[in-house]
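First comes the structure, then the notes that go with it.
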Amino acid sequence: MQSIIKFAVSRKTTILMVIAALLLLGSVSWSRIPVDLLPDITFPAAAVSVNWVGAGPEEVEASVTRILEGSLGTITGIKDVQSISSMDNALIILLFNWGTDMDMAAIEIREKLDMVASLLPDDTSAPTMFKFDPSMLPVMNIALASDSLDLVELNRLGDEVSQRLERIEGVASVSVSGGLEEQVLIAVDGQLLEEYGLTLTGVTNALRLANLSLPGGSISQEGKQWTIRALIRTSVEEMKDLLVGMRTEFIPGQAQPAPLPVTLGEVAKISIEPEPLTSISRINRQRSVSLNLQKQSDANTVITANRVHNELE
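Note that this note's numbering has the sequence shown beginning at 3, numbered continuously upward.
Structure, rendered in structure tokens:
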């Protein structure tokens with residue numbers, strides 16, 4: 003033992019170099035150790051799902067989601083309550099404090115569900131509770147909520163943020179949900195089309211030639227009026243001036259009828275409105291836009307998360 007001490011004292015420089023080398027090697031090794039986002043642990047989260055066939059997101063939110071949020075939000079150890087109300091389904095995500103006994107929490111969840119079952123619409127399915135498998139979760143979930151921005155503006159912000167985050171090394175994809183996109187509503191007057199000798203097919207073809215996107219199921223009819231839903235790629239004023247066909251009109255002093263251009267604004271009313279809701283996201287009972295971030299399979303979870311945090315700041 004004394005010989006080791008004497009050697010260490012007499013070779014201080016050597017010992018310091020060895021220590022420095024070990025520290026450097028340890029730091030490099032630590033930074034390269036793969037960090038598993040999904041270790042074998044009990045994750046303090048659970049979810050409740052209720053199906054309601056034929057119900058839209060707003061109906062689901064009003065008649066199912068809010069009832070479940072109000073009841074489940076009082077469970078012992080609860081940290082956050084998130085929800086997604088979509089067509090035919092309500093999903094409530096319960097995040098608990100670390101250290102919460104999830105077996106006891108599951109019992110309390112079932113008790114709460116039994117208490118509110120009679121308050122749910124008759125044709126909803128029985129609530130299904132399941133514990134979260136960490137492999138179901140994205141590496142990060144970001145909620146955008148505001149008292150001053152509406153869901154259209156929040157969705158636009160979410161799209162901008164997601165595009166920046168997807169450029170970060172280690173990020174595979176970022177999905178945005180819960181917001182609203184704007185759409186163009188074109189109310190075409192069928193009677194005017196007949197008077198001008200035009201057809202709805204001619205109008206839609208003109209819209210497509212103008213590079214306007216018409217999603218499937220975007221045309222509906224009510225009496226003599228058709229409503230066309232299109233994604234915005236130009237201004238309303240430019241759309242009003244879009245040529246959709248030609249009509250003829252007798253002009254005094256001329257023997258033959260003269261061809262005259264017909265613009266979209268002459269045969270249709272054009273407005274910009276939010277698209278129909280397909281899902282509703284909430285964070286602690288406040289409407290929000292959710293960004294769900296998935297990392298690349300070989301990316302380090304901690305390093306990727308730190309890069310995302312730095313970009314958000």
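Glycine included, every Cβ here is placed at the ideal spot set by N, Cα and C.
Rounded C-alpha distance that separates residue i from residue j
i: Ile282; j: Ile305; result: 31 Å
i: Gln288; j: Thr203; result: 43 Å
i: Thr250; j: Arg210; result: 24 Å
i: Leu40; j: Asn143; result: Here Leu40 scores only 48 on pLDDT, less than 50, and its place in the model should not be relied on; the value that follows carries that caveat. Straight-line Cα distance between these residues: approximately 15 Å.
i: Arg309; j: Leu262; result: 60 Å
i: Val238; j: Arg166; result: 29 Å
i: Ala270; j: Pro278; result: 21 Å
i: Asn207; j: Trp228; result: 15 Å
Where residue i sits in the DSSP three-state scheme
i: Asp42; result: Per-residue confidence for Asp42 stands at a pLDDT of 49, beneath the threshold of 50, marking its modelled position as unreliable; the derived number appears in the next sentence. Reduced to three states, the DSSP call for Asp42 is coil.
i: Gly218; result: At Gly218, the pLDDT of 47 sits below 50, so the modelled position is not reliable; the number obtained from the coordinates is stated separately. Gly218 falls in the coil class under three-state DSSP.
i: Ile305; result: helix
i: Asn53; result: strand
i: Met89; result: coil
i: Ser175; result: strand
i: Pro59; result: helix
i: Asn143; result: strand
Beta carbon of residue i nearer than 9 Å to that of residue j
i: Asn286; j: Val141; result: no
i: Asn91; j: Val50; result: no
i: Asp161; j: Val178; result: yes
i: Leu115; j: Met131; result: yes
i: Pro123; j: Ser65; result: yes
i: Leu194; j: Thr201; result: no
i: Ala212; j: Ser273; result: no
CA nearest to the CA of residue i, picked from the options
i: Lys58; options: Glu196, Thr67, Ser88; result: Here residue 58 turns out to be Gly, not Lys, going by the sequence shown. Minimum Cα distance to Gly58 is reached at Ser88.
i: Thr280; options: Ser148, Pro129, Ala48, Gly56; result: Gly56
i: Leu74; options: Leu96, Thr206, Glu60, Asn53; result: Leu96
i: Val205; options: Met241, Val291, Glu184; result: Met241
i: Leu244; options: Val238, Ser237, Gln258, Leu266; result: Leu266
i: Asp149; options: Glu60, Glu313, Ser290, Thr102; result: Ser290
i: Val264; options: Ala307, Gly199, Glu313; result: Gly199
* Asked: How about the region 152-159 and the region 298-312: do they share at least three Cβ pairs that are nearer than 8 Å?
  -> In short, these stretches do not touch, since the Cβ pair count stays below three.
* Report yes or no: do three or more beta-carbon pairs, one from the region 162-174 and one from the region 289-296, lie closer than 8 Å? => Yes, the region 162-174 is in contact with the region 289-296.
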